[in-house]
Structures are given as C-alpha cells and as structure tokens.
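UniProt numbering applies: residue 3 is where the sequence shown begins, and numbers increase by one.
C-beta atoms are modelled at their ideal positions from N, C-alpha and C, and glycine is treated no differently.
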Amino acid sequence: VEVGVARETAPGERRVALTPETCRKLAKAGASVRIERGAGASAGFTDADYTDAGAQVVDDGHLALGDADVVLCVQAPDAVRLSQLKEGAVLVGLLQPQADASRAEAMQARKLLAFPLERLPRTTRAQAMDVLSSQAGMAGYKAVLIAAQLAPRFFPMLTTAAGTIRPSRVLIVGAGVAGLQAVATAKRLGAQVEGFDVRPETREQIESLGGKFLDLGVSATGEGGYARQLTDEERAEQQRRLGEHLKNVDVVVCTAAVPGRPAPKIVTASMVAGMRPGSVIVDLAAETGGNCERTQPGETIESNGVVVAGPLNLASMGALHASEMYARNVYNFVALLLKDGALAFDWDDELLAKTVWPER
Ligand code: NAD
C-alpha cells in the first residue's frame with residue numbers, strides 16, 4: 003500500500019497528518035510512505051526525521067500523492083490537488099465535504115473513498131481515533147492562554163509588597179472536551195474558575211477539575227448524549243441568569259456547540275455591554291459563528307472596553323502536540339483498513355460504514 007502526505011494547502015494550517023512516529027508504524031505495517039518535502043516543518047518535524055522513519059521524501063505534493071492508495075491530511079486538499087489523486091484512492095482527514103461544493107464535487111469526480119474523520123461515531127472503541135476530541139483539547143488550552151494574554155490583569159491571586167491582587171474570575175461557557183481543558187488550564191494559571199453547560203453531568207466534571215459549576219437552571223441533553231438546541235423559554239431563562247452573572251466576571255471563554263448546527267448564541271450584545279471595561283471574551287466557537295453576538299470570526303474587536311476575540315483554528319497554534327495526537331488518531335483509523343499490508347474494507351464495521359462519505 004502506498005501512503006501519501008503533502009503539505010497542507012489550507013491557509014494558516016500548521017499541523018501535519020503524519021509524524022515520524024506514525025510513519026514508522028505504517029512502514030512496519032507494510033506500507034510505503036511518501037511525503038512532500040517540508041510537510042512537517044511547521045509542526046516541528048524535519049525531512050530527515052521522516053527519512054529516518056522510513057519515508058521517501060519527494061519534491062512536490064503531486065509526487066507524494068499522485069500514486070498514493072491512501073492519502074492522509076489534516077484539512078481537505080484544495081480542488082486542484084483532489085483532481086490529481088488516483089481514482090478510487092482512500093482519503094482520510096477532517097474533510098468537511100459538505101462545507102464546500104467544489105470540494106465535494108472534486109472528491110466524487112475522482113471516486114475517492116473519503117473518510118471525513120469528523121463523522122466518526124464517538125463510541126468507546128473509536129476514542130483512540132477521535133480527532134475532534136484530541137484537537138478540541140488543544141483548542142481549549144490555547145483559548146485560555148489567549149485570554150490570559152489579552153487580559154489587563156493577572157489570573158492568579160498575588161500577595162506582594164505592592165498589595166494584594168485578587169484572582170481573575172474566569173467563566174467557561176460549555177464544558178465539552180474543549181471547555182473542560184479550558185477549565186483545567188485556567189485553574190492551573192490560578193484563576194477562580196466557573197463553568198456551565200446544559201448537560202447536567204458536566205457539574206461533576208467541572209468540579210473534579212477544581213472549577214465551580216454555575217447553575218443557570220437549564221438542562222438540555224439530546225440525541226446521543228449531546229446537547230440539544232434550547233427552546234425559546236430555556237434560552238430566555240439561561241440569558242436572564244447569565245446576564246446578571248457576567249457583570250462580575252473578568253474573562254469568558256466560549257466553547258459551546260450543538261452537533262450539526264451553527265454555534266448557539268449565548269452571550270448577547272447587551273450582556274457584553276453590561277460587562278466591566280477590561281473584561282475579555284475569547285470565543286472558540288468562532289469557527290461556527292460564535293457563542294457571542296459580538297464575535298467576528300478571525301478578529302479581535304473592542305466594544306466599550308471589552309475585548310472580544312474570535313480566533314480560528316486554535317489547534318493549529320499548538321501544531322506539534324496537536325499533530326502528534328492527530329497523527330495517532332489517523333494511524334489508528336488507517337489500521338482498521340489494513341489487513342496483512344493490503345487494503346481491506348470491512349463494511350460491517352460501523353466505524354468504517356458510518357464515517358465513509360458519501361454514505362454507501
Ligand atoms: P461539542 O463540541 O459538540 O459541544 C461543546 C459543549 O457545549 C457540550 O458540552 C455541550 O453540551 C455544550 N453546549 C451546547 N449548547 C449549550 C448551551 N446552550 N449552553 C451551554 N452549553 C452548551 O461537544 P464535545 O466536546 O465534542 O463533546 C460533547 C460530549 O460528547 C461530551 O459528553 C463528551 O464526553 C462526549 N464525548 C464522548 C466520547 C466517547 O465516548 N468516545 C468522545 C468525545 C466526546
């Protein structure tokens with residue numbers, strides 16, 4: 003089996019889908035691996051690292067992918083690159099086919115066997131392949147560091163000769179994988195941390211990380227244990243309580259999402275107007291429109307002294323560890339497709355059947 007990896011074509015993407023570690027594992031499983039020169043550079047992996055791990059380093063992306071049976075990527079290659087892939091090749095990555103019509107078309111035109119990893123069922127068996135979780139961890143971590151950087155205050159309490167500094171009050175909105183990592187990170191920086199979510203089981207999870215659960219009186223668990231969209235009444239109740247509370251919060255990190263929907267708008271423009279100058283909001287949900295009405299994806303704005311940041315692709319900011327985790331997830335998935343060094347597809351395995359796109 004020929005495995006190919008090229009440089010990512012999406013602007014600003016620093017991660018790579020193959021690390022020297024997973025390259026070694028693939029080679030051991032009988033694959034021959036080709037990688038484009040410099041593909042790992044922005045994540046901290048050199049061409050020599052890949053050569054040592056058994057890969058052939060080639061001069062351009064087309065050489066790396068043109069003959070590949072299996073193409074690994076973080077984000078989907080652009081349409082031109084997709085059109086150059088071998089017909090029927092396997093493509094594995096965060097492909098988001100429905101996000102871009104020309105991408106979907108290019109993938110279908112080449113009859114690719116595409117496995118958009120964001121479609122992977124989140125079962126216990128799939129945990130080792132769960133790229134959404136591994137990348138959300140990095141995103142939650144970075145979001146808190148950005149907030150700490152933007153805030154005009156310390157996070158920890160300090161007792162100094164110049165007097166006592168009270169700790170920052172940090173609120174984490176949404177306590178999924180990213181939100182819980184945000185709670186843990188803000189806590190490690192010494193802040194006073196609160197979090198809330200509409201799934202009641204997050205209370206215990208937030209508390210176990212040293213945070214305080216903020217009860218806004220709304221419980222909304224839906225299909226598959228995920229959050230469901232709130233009713234108008236529930237949203238009104240959540241907003242009434244939250245608006246009051248935000249007047250006494252220094253930093254808000256938003257991470258709330260509902261599968262398959264734009265990010266729920268939780269922090270309204272009037273709540274932002276009610277916050278004290280010097281407060282900071284970092285909206286990790288900016289990618290899907292933001293949890294805060296003031297968020298402008300990709301921008302940092304200021305409104306009456308409140309800073310609102312909507313950073314995109316936070317996982318890419320921690321490209322080395324994000325890539326290590328991502329590449330392991332990808333390797334574990336590809337291992338499902340390899341039997342005795344050859345490709346074999348067990349369509350009775352729901353991890354394949356539910357991930358493949360288009361649906362079979
Ligand atoms: P996500 O990114 O879809 O959502 C982030 C969080 O936002 C969720 O906790 C959600 O409840 C919350 N949210 C949605 N609407 C909200 C609102 N109006 N107000 C406040 N919070 C709101 O979620 P995720 O991080 O991908 O994971 C969500 C769940 O999936 C968790 O329970 C997680 O444990 C579970 N999960 C299970 C596995 C597994 O078993 N293999 C793997 C990963 C995640």
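query	result
Quick one: residues in its chain with C-beta nearer than 6 angstroms to the C-beta of Ala78, no 5 flanking neighbours on either side, listed in chain order?	Leu97 and Arg105
Following the continuous beta strand (DSSP E) through Ala311, name the residue where it begins and the one where it ends.	Val308 to Ala311
Counting Cβ pairs, one atom from each stretch, are 3 or more of them under 8 angstroms apart for the segment 56-64 and the segment 305-321?	no
Would you check whether the ligand NAD has a heavy atom nearer than 8 angstroms to the C-beta of Arg39?	no
Along the beta strand (DSSP E) that carries Gly95, what are the first and last residues, could you check?	Val92 to Leu96
Looking at C-alpha atoms only, which residue of Tyr228, Glu203 and Ala186 is the closest neighbour of Asp217?	Glu203
Restricting to Cα atoms, I'd like to know which of Glu38, Ala108 and Val308 is closest to Val82.	Ala108
Could you check the C-alpha separation between Glu120 and Leu134 for me, to the nearest Å?	6 angstroms
Between the C-alpha atoms of Gly213 and Val260, what's the straight-line distance to the nearest angstrom?	23 angstroms
I'd like to confirm something about residue 369: is its beta-carbon nearer than 8 angstroms to some heavy atom of the ligand NAD, or not?	A query on residue 369 cannot be resolved here, the shown segment of the chain reaching from 3 to 362 and no further.
Apply the 10 Å Cβ neighbour rule to Asp132 and answer buried if 16 or more other Cβ atoms are within range, or exposed otherwise.	buried
Report buried or exposed for Leu160, applying the criterion of at least 16 other Cβ atoms within 10 angstroms of its Cβ.	exposed
What residue does the beta strand (DSSP E) around Val358 start on, and which one ends it?	Neither: Val358 is in no beta strand (DSSP E) and is coded neither H nor E.
Write down the C-beta distance between Val172 and Val255 rounded to the nearest angstrom, noting that I regard them as a contact closer than 8 angstroms.	7 angstroms
Please state the DSSP three-state secondary structure of Val175.	strand
Mind checking whether Val358 and Ala19 have CB atoms under 9 angstroms apart?	no
Using a beta-carbon distance below 9 angstroms, is Asp49 in contact with chain B?	The structure shown contains no chain B; it is built from a single protein chain.
When the Cα of Gly307 is compared with those of Leu114, Gly42, Met277 and Leu316, which residue comes out closest?	Met277
Check whether the Cβ atoms of Ala193 and Phe157 sit closer than 9 angstroms, and answer yes or no.	yes
Give me the DSSP bridge partner(s) of Val195.	Val172
Within 10 angstroms of the Cβ of Gly197, are there 16 or more other Cβ atoms? Answer buried if so, exposed if not.	buried
So Val73 and Ala91 are supposed to be a Cβ contact under 8 angstroms. How far apart are they, rounded?	6 angstroms
Residues in the same chain with beta-carbon distance under 8 angstroms from Gln110, minus the five sequence neighbours each way, listed in chain order, please.	Pro360
Per the contact definition of three or more C-beta pairs closer than 8 angstroms, is the segment 292-307 in contact with the segment 112-128?	no
Is the beta carbon of Arg201 within less than 8 angstroms of some heavy atom of the ligand NAD?	yes
Look up Gln129 in the DSSP assignment and give the residues it is bridged to.	Bridge partners of Gln129: none, in fact.
Nearest to Ala288 by alpha carbon, out of Glu301, Gly280 and Thr126?	Glu301
Assign Gln231 to one of two classes, buried (16 or more other C-beta atoms within 10 Å of its C-beta) or exposed (fewer than that).	exposed
Indicate whether the contact test is met: 3 or more Cβ pairs, each with one atom in the segment 135-149 and one in the segment 349-356, closer than 8 angstroms.	no
Below 8 angstroms on the Cβ atoms is my contact criterion, and I expect Ser281 with Val253 to pass it. Report the Cβ-Cβ distance as a whole number of Å.	7 angstroms
So for Asp285, helix, strand or coil by DSSP?	strand
Indicate whether Arg311 and Ile174 have their beta-carbon atoms separated by less than 9 angstroms.	Sequence inspection shows Ala at residue 311; the Arg mentioned does not correspond to that position. Taking 9 angstroms as the Cβ cut-off, Ala311 and Ile174 do not qualify as a contacting pair.
Is Ala163 buried or exposed, if buried means 16 or more other CB atoms sit within 10 Å of its CB?	exposed
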